[in-house]
Ligand code: AMP
Ligand code: ZN
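Numbering (the numbering used here), first residue to last: -2 to 661.
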C-alpha cells in the first residue's frame, strides 16, 4: 500500500470509529487502540504534509486560534419559535394552519427542544465548510475551527447527501461532562460554571480551539435547509441526516392530532429527567415540507412550527439553616440546608447559595420559605423568597466574618466573588483538601489512599501536609480503624510509587492556586525544574505563553511562603520528581535560546499548538503579543492585519512556517 493509501485508510477507519463512538454511542475498539491509530496517522501526516485533508480526524484535537470571529450573513435566516403553554394554544395553532392550507390531512413531528446554543453548519460536497452561530438570526459568528473539534459533528459525510446544504442544530454540554468540568475547576481554585447552556454557548467563542476540544460538547441536529434536497417531510429530514452521519436523537415522533402531541409532551415532561442533557420543551413541526413552504414565516418565526415549553420544575420548601463550607483554597461557599423536598424526581436537601452577594440580593434568611428550581444546574438553586410567608421576627442574614472551621477572620479581595479563609496552614478542611488534591488521579495518583483515609490520618495526627505522606510506615498505620495489614502495605507502596510521577504533575499536585493541569505543563516546560521556577520573577513568569498576571502572582506567593518551600524540599528529599526527565529534556535543544516568538494565523504543516511546542522545545519563548522584545513573528494564513502592522512598525521580522521549520 502506498503512503497515501495508508493515510486514507487510517482516516476512514478513524472516521468510522468516531461515528460509532460519538454518534451511535457504540464503541467498537478500545480508547487505547483508537489513540494508537490516531497517533500513527498524526505521524504520517506530519511527514507527508502533501496529503493534507481538511476533514482528517487528526484535526479534532484543535490547536488553531481565532482572534476575531468573522461575521457571516446566514443564507437562510435562523428564526425563533413561537411558544405555547396549553392544549388550547395548540388547537388554535392547528386551526390557523388548517384555515391557511385548506382541508388537507395534517401530520406533526414532535421533537425535544434541546437547550444549548444554536448552530448552522454548511456542507459542500459532503465536507463541513462552515459553522456559524445564530447571532441575531440574520448574521452570526463563524466558529468553524471550534466546531471541528466536536467529535459528533461529521467533517465528512457518507451516503447520498445533496451537494450543498445547511443543517441546523444545537450545541449542548451533557450533564455528566459539565459536572466533570466543574469538578476540575473547583479543584483548580476557580469558580464553577453556572449552567450547561451558557457554558456550551461560551465554549463556541473560545479563541483557542484546543480548549474547545477538551470540552465534552455534543451537537444534535434537527433541520436541513437548501434547494433541491429531494426530501418531503421533516421526519425524513431527521432520518436522512442520521444516515449521512449526523447525531439526531431518535426520540422524535409523528403525531396526527394535538391529543397525541399532548401525550408526547406529557411523557417527556417527566422523562426528560432521565436524559443525559438539558431540554426545555418540545418542538412541534408540520411534517410535510410542501405545507411548510406554503405556510411560510411571520416576522419572527415559522408558521409551521411551535414550541411547547416545559414548566421549569419548581417547589417551595423551608430553609432551615445556612451553613458554610471551606474548600481547599480557603474559598467559602454558603449552603442552604432545606427541609427535604421532591424536585424533578430527586429528593433535595441542599442548595448552593454561591456567595454573600447572592444572599443579599435575594434577601435570603434562615426560616424563610423559598422557591427552589432545577434548571440546567446539577445543584438546585434558590430563585426567590416567598415574602408572604416570612415570620415577623425574621432577621436579615449576617454573612459570617470568621472561618467556621478555624475562626480566622475572612477576607474578600476585589474581583473575588467569594470570601476566603487565609489560614492556609491551620485550617483543617484546607489542609485535608490540599492533601486530597495532591493524591488525586490527575496529580500524584496515589493508589491505596482515598479522601476519607486522608481525613482519618489527619485526625490521628499522622499527617499535617502532603510531605508527611512519605514518612508513613506500616506500623503507624496498622492500629488505625479499618486498616488491615494489606491495606497499610498498599498505602505505603502507593506513596513510594508516586515518586515516578513526572514533574509537571507534581507541580499540579502542589495545589498552587490557578495552576491547573495545563498551566503546570507550561511552567514545567518553561522552567524545566523547580529550582529555577522558585526564583522566577513576576516579569519572567508572565513572559511564558498563557501565563497571566493572576497566575504569576499566585506562583510567587506560593514560593514566598516558607512552609511551602519546606514542603517542597522535603518532597525532594523523598525523591519526588522536581525536574523534567532525561527523555523530556532530550527532545529539547537550545537552538532558539534568547529568542521570543509570536505565532499568528493558521498553519498547514503543524498545528499552532505543535508550533508553540517546537519553539519551547528548542529553547525559544512564545509570547502572546508583539512588542519590541519579539524576535520573530511566525505568520500563517489569515494572520491578523493589526498584528502585521504592529510587527512592521516595530521592525520585527515576519517569517513563514517553512522558514521556521528550516530554522530548527
Ligand atoms: P427560542 O430561542 O426560544 O425562540 O427557540 C428557538 C430555538 O430553539 C432555535 O433557535 C433552536 O436553536 C432551538 N431548538 C432546540 N431544539 C430544537 C428542535 N428540535 N427544533 C427546532 N429548534 C430547536
Ligand atoms: Zn479556616
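All residues carry an ideal CB built from backbone N, CA and C; glycine is no exception.
Since this is a predicted model, take the numbers as computed values, not measurements.
Under a three-way DSSP split, which group does residue 18 fall into?
Here DSSP, grouped into helix, strand and coil, assigns residue 18 to helix.
Only counting runs of 4 or more residues, tell me where the alpha helix (DSSP H) segments fall wholly within the stretch 144 to 223, in order along the chain.
172 to 184, 193 to 200 and 206 to 211
Per-residue burial, residue 576 [other beta carbons within 10 Å of its own, 16 or more giving buried]:
Residue 576 counts as buried, since no fewer than 16 other beta carbons sit within 10 angstroms of its beta carbon.
Could you give the C-beta distance for residue 103 and residue 298, rounded to a whole number, given that I count them as a contact under 8 angstroms?
Wrong, their Cβ atoms sit about 18 angstroms apart, outside the cutoff.
Of the residues 80, 9 and 83, the one placed nearest residue 54, counting alpha carbons only
9
Which residues mark the beginning and the end of the alpha helix (DSSP H) in which residue 502 is found?
For residue 502, the enclosing alpha helix (DSSP H) covers residues 500 to 506.
If we ignore side chains and look at the alpha-carbon of each, how far apart do residue 87 and residue 193 end up?
29 angstroms
Nearest-angstrom Cβ-Cβ length linking residue 314 and residue 112, presumed shorter than 8 angstroms
Residue 314 to residue 112, Cβ: 25 angstroms. No contact.
Are residue 166 and residue 120 touching if we call contact CB-CB under 8 angstroms?
Not in contact: residue 166 and residue 120 (Cβ atoms no closer than 8 angstroms).
Excluding five sequence neighbours on each side, which residues of the same chain lie with their C-beta closer than 6 angstroms to the C-beta of residue 367?
316, 379 and 382
With a threshold of 8 angstroms on Cβ separation, who are the neighbours of residue 3 within its own chain once the five nearest residues in sequence on each side are excluded?
41
Could you name the residues of the same chain whose beta carbon sits closer than 7 angstroms to that of residue 485, not counting the 5 residues immediately before and after it, in chain order?
So the qualifying residues of the chain are 471, 474 and 475.
Can you tell me the Cα-Cα spacing of residue 529 and residue 26, whole angstroms?
43 angstroms
Who are the Cβ neighbours of residue 143 in its own chain at under 6 angstroms, not counting the five residues just before and after it?
By the criterion of a C-beta distance shorter than 6 angstroms, residue 143 is surrounded in its chain by 201, 206 and 209, once the five residues flanking it on both sides are discounted.
Helix, strand or coil for residue 432, going by three-state DSSP, please let me know.
If DSSP states are grouped into helix, strand and coil, residue 432 belongs with the helices.
Report yes if the CB atom of residue 598 is closer than 8 angstroms to the CB atom of residue 65, and no otherwise.
no
Pull up the distance between the alpha-carbon of residue 524 and that of residue 639, whole angstroms please.
Cα atoms of residue 524 and residue 639: separation of roughly 31 angstroms, rounded to the nearest angstrom.
Secondary structure at residue 380, three-state DSSP: helix, strand or coil?
strand
Among the candidates 498, 483, 487 and 240, whose CA atom is the shortest distance from the CA of residue 439?
498
Buried versus exposed, by CB contacts within 10 Å (16 or more), residue 557:
exposed
Does at least one heavy atom of the ligand AMP sit under 7 angstroms from the Cβ of residue 220?
yes
Using DSSP with H/G/I as helix, E/B as strand and the rest coil, what is residue 78?
coil
Distance cut-off 7 angstroms: residue 161 Cβ against heavy atoms of the ligand AMP
no
Please list the terminal residues of the continuous alpha helix (DSSP H) segment that includes residue 655.
654 to 660
Residue 348: first and last residue of the uninterrupted beta strand (DSSP E) it sits in:
343 to 349
CB of residue 74 to nearest heavy atom of the ligand AMP: below 7 angstroms?
For the ligand AMP, not one heavy atom lies less than 7 angstroms from the Cβ of residue 74.
Straight-line Cα distance separating residue 377 from residue 651
Residue 651 and residue 377: Cα-Cα distance of roughly 53 angstroms.
Residue from 153, 561 and 370 with nearest C-alpha to residue 506
561
For residue 309, the nearest candidate out of 292, 301 and 267 (CA to CA):
267
For residue 23, which residues in the same chain have their Cβ closer than 6 angstroms to its Cβ, ignoring the five residues on either side in sequence?
17
How far does the alpha helix (DSSP H) with residue 515 in it extend, from its first residue to its last?
514 to 524
Could you tell me if residue 609 is buried or exposed, where buried requires 16 or more neighbouring beta carbons within 10 angstroms of its beta carbon?
buried
Rounded straight-line distance, which links the Cα of residue 588 to that of residue 434:
The straight-line gap from Cα to Cα measures roughly 37 angstroms.
Cβ of residue 258 within 8 angstroms of Cβ of residue 107?
yes
Under 8 angstroms, do residue 170 and residue 197 count as touching if we go by C-beta distance?
yes
Could you check whether the Cβ of residue 599 sits closer than 7 angstroms to any heavy atom belonging to the ligand AMP?
no
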